[in-house]
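All remarks here apply to the structure that follows.
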Amino acid sequence: LKQLEHRIASIGEDVAGDEQQHTNASTRFRLLDRFVQTTHRRKSEINGLLQRFVLLDQHYESDLSRLDAIAQSGVIFSALHPGPCPFCGAPPEAQSHENTCDVDPDQIVTAARAEIARITTLRHGLVETKSRLAVENDQLTQRGNSAAEEQRLMSRRSQELAAILRERRRGIGDLDREAQGLRTQLKDADVISELKADLG
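Residue numbers for the sequence shown follow my numbering, so the first one is 781 and each next one is one higher.
Spelled out as structure tokens, the structure:
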């Protein structure tokens, strides 16, 4: 009986240690799961932004082409010999300094070039932002993959510990029943001894 009780106590200590490890593994699994989910959400946000930035860059490219054409046309209009006004169509004889067309080709060229410079600056900023997001996306992919792998290990460890705990608890139950049987036998033996003493 003493040997059984010692074994039960020893297994009970093992069970306590395994329960702590199981709790730690389960807690770590949940933390990793939250991290993986957060990583997936951020990656989805980044991918959405990058897709929108592609469209924005195409829009910038289109605007730059259009403005460049306007600037080149303005330069050509300024260089033309006297002829019909390219904007209002007035013939040379109808044109006068006192009654000029309100459109100034030089101002149009200047405005187009200023807008080209502004869009070019915005486009450089867009390229830098896309680059930063791409780096962040790569880092998130690496950390997410690492966390997912550790999560799989924690899940497997948690399942292994759960199986060990079930087995040890079943073993303690069997030993408890065996110890209870021995206690009953010892009690019966004490009763028999007392009866013998009384009869003797």
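Glycine residues also receive a C-beta, built at the ideal position from the N, C-alpha and C atoms.
- Shortest Cα-Cα distance from G854 to any of T964, Q800, A892 and P871 involves A892.
- If you look at A891, you'll find it in the alpha helix (DSSP H) that goes P885 to L979.
- I850 is not a Cβ neighbour of I899, given a cutoff of 8 Å.
- Between L920 and R822, the gap from beta carbon to beta carbon is short of 8 Å.
- Closest in C-alpha terms to N925, from the list D954, L812 and E958, comes L812.
- Separation of E940 and L829 (C-alpha to C-alpha, rounded to the nearest whole angstrom) is 42 Å.
- Taking C-alpha positions only, F833 is separated from T803 by approximately 45 Å.
- A distance below 8 Å between beta-carbons, with the five flanking residues on each side excluded, links L784 to the following residues of its chain, in chain order: L955, E958, A959 and L962.
- Between R808 and the set G951, L835, S845 and A927, the nearest pair of CA atoms involves A927.
- A direct Cα-Cα distance of roughly 25 Å separates D794 from R932.
- With respect to the C-alpha of L836, the residue from I791, L902, A789 and A796 having the closest C-alpha is L902.
- About 42 Å separates the Cβ atoms of D798 and I972, ruling out a contact at the 8 Å cut-off.
- For N827, the closest C-alpha among the options I896, Q965 and K910 is that of K910.
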